[in-house]
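**Student:**
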Amino acid sequence: MAQRAEPRPADDEEADYRAQLARYPRLSNDEERRLLNTQGPNRDAANRRLIEHNLYLVLEAAQARRKR
Numbered sequence: 004m005a006q007r008a009e010p011r012p013a014d015d016e017e018a019d020y021r022a023q024l025a026r027y028p029r030l031s032n033d034e035e036r037r038l039l040n041t042q043g044p045n046r047d048a049a050n051r052r053l054i055e056h057n058l059y060l061v062l063e064a065a066q067a068r069r070k071r
């Protein structure tokens, strides 16, 4: 018998984002600028770090969606 995936409540999703935010605090403006200017073979690692440390944007977007 196939199981149907239930949608997760928004509160659970927000709690997941908050847990991730705790692991990846916001970068300073200088660090973010340095990573954005990375070239060559280190660019992929810099992009990963930028994505990890900008999860707060995902949370803000989710909160804005819920308010609509």
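Numbered as in the numbering used here, the sequence shown ends at 71 without a single skipped number.
Note that the Cβ used here is the ideal one computed from N, Cα and C, for glycine as well.
As the structure is a prediction and not an experimental result, all values here were calculated from the model.
Just the Cα atoms here: how many angstroms apart are Asn-57 and Glu-17?
**Tutor:** By 1-based counting over the sequence shown, the position of residue 57 is 54. By 1-based counting over the sequence shown, the position of residue 17 is 14. Computed Cα separation, rounded: 15 Å.
**Student:** With DSSP run on the structure shown, which of helix, strand or coil describes Gln-66?
**Tutor:** Taking the sequence shown and counting its residues from 1, the one referred to as residue 66 is at position 63. Looking at Gln-66 - three-state DSSP - the assignment turns out to be helix.
**Student:** How about Leu-53 and Leu-38: are their beta carbons less than 8 Å apart?
**Tutor:** In the sequence shown, the residue the question calls residue 53 occupies position 50. In the sequence shown, the residue the question calls residue 38 occupies position 35. Yes, these two residues count as a Cβ contact at 8 Å.
**Student:** Let's see if you can read the secondary structure: which residues bound the alpha helix (DSSP H) around Arg-36?
**Tutor:** For the purposes of this step, residue 36 is taken as residue 33 along the sequence shown, with counting starting at 1. Counting along the chain, the alpha helix (DSSP H) containing Arg-36 begins and ends at 32-39.
**Student:** When you compare only the Cα positions, how much space is there between Leu-30 and Asp-14?
**Tutor:** Position 27 of the sequence shown, counted from the first residue, corresponds to residue 30. Position 11 of the sequence shown, counted from the first residue, corresponds to residue 14. Straight-line Cα distance between these residues: approximately 26 Å.
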